[in-house]
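Please read the structure below before turning to the comments.
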Amino acid sequence: MSMSKEPLVSAADPSRFHDAAEAGDVAALAALFTDDIKLFSPVKFAPFEGKDQVVGLFHVLVRTFEDFHYIGEFDGTADTTGDGTPAPSAVLLFRTTVNGKQIHGIDMLQFDDAGMIKEITVMVRPQSAVVTLGEAILAGLRADGLAP
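The sequence shown: position 123 = 123 (UniProt numbering), numbered continuously.
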């Protein structure tokens, strides 16, 4: 029996995230996250850290996004920690609308060896949509008591 340091790529299943996000099912999303998950957002320099913050953000997002849907997916590995050990990863391409602005974006998911999501990086375009999205998210976080 080999004791390889290769990641368990088969444990990572981006379709569970895809389906829960499109359905707006925050409880199903939360079940996919590690307790120490980090979400890097295009509208905030510091990441959202920990399951409570990330789940709180997703509650805002499901209320904010209109006609959210994925249009593509890429699977592979990435070394986001810089320790030389690639982990299972996926990139999901999405489209949505926020306050009348069409947004094109990607969710980059990083999985741990058990297939749990440990890191999400979100990128969106165009720049005017980033501004609109940032304003809408901040308003939602304030409404939920998650931002000053």
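Even glycine gets a Cβ: it sits at the ideal position worked out from N, Cα and C. Note that the structure is predicted; figures quoted are calculated from it, not measured.
In this structure, how does DSSP classify residue i when only helix, strand and coil are distinguished?
i           : result
P88         : strand
V43         : coil
F65         : coil
residue 153 : Examination of residue 153 is not possible in this model, given that the chain is present from 1 through 148 alone.
D113        : coil
G72         : strand
A28         : helix
T81         : coil
D36         : strand
G100        : coil
M3          : Note on M3: pLDDT 43, under 50, position unreliable in the model; the coordinate value appears next. Correct three-state label for M3: coil.
Measuring CB to CB, does residue i end up less than 9 Å from residue j?
i    : j    : result
L93  : G72  : yes
G111 : A31  : For clarity, residue 111 is Phe in the given sequence; the question names Gly instead. No, the pair does not count as a contact, with Cβ atoms beyond the cut-off.
L133 : P47  : no
F33  : V60  : no
D19  : A27  : no
F45  : D107 : no
I103 : I37  : no
L109 : V124 : no
S89  : T81  : no
Identify the residues that DSSP records as bridge partners of residue i: which are they?
i    : result
L146 : DSSP, once it has assigned bridges, lists no residue as partnering L146.
F48  : L39
I106 : L93, M123
Flag residue i as yes if its beta-carbon sits less than 9 Å from any beta-carbon of chain C, otherwise no.
i    : result
G145 : Going by chain labels, chain C is absent from the structure shown, which holds only one protein chain.
Sorted by chain position, which residues of the same chain lie with C-beta nearer than 8 Å to residue i's C-beta, five sequence neighbours on each side aside?
i           : result
A23         : none
V98         : T64, F65, E66, A129, T132, L133, A136
R142        : P148
L138        : V43, A147
residue 156 : Lying outside 1 to 148, the shown extent of the chain, residue 156 is not represented and no answer is given.
residue 186 : Residue 186 is absent from the model: the chain starts at 1 and stops at 148.
When the Cα of residue i is compared with those of the options, which residue comes out closest?
i           : options              : result
residue 149 : A87, S128, Q102      : With the chain covering only 1 through 148, there is no way to say anything about residue 149.
D35         : A21, K51, R16        : K51
R95         : D113, D79, V122, L39 : V122
Y70         : S15, P126, D113      : S15
Excluding sequence positions up to five away, which residues of its chain have a Cβ less than 7 Å from the Cβ of residue i?
i    : result
G140 : V60, R63, T64
Looking only at its chain, what residues have a beta carbon closer than 6 Å to the beta carbon of residue i, apart from the 5 residues adjacent to it on each side?
i    : result
K101 : A129, T132
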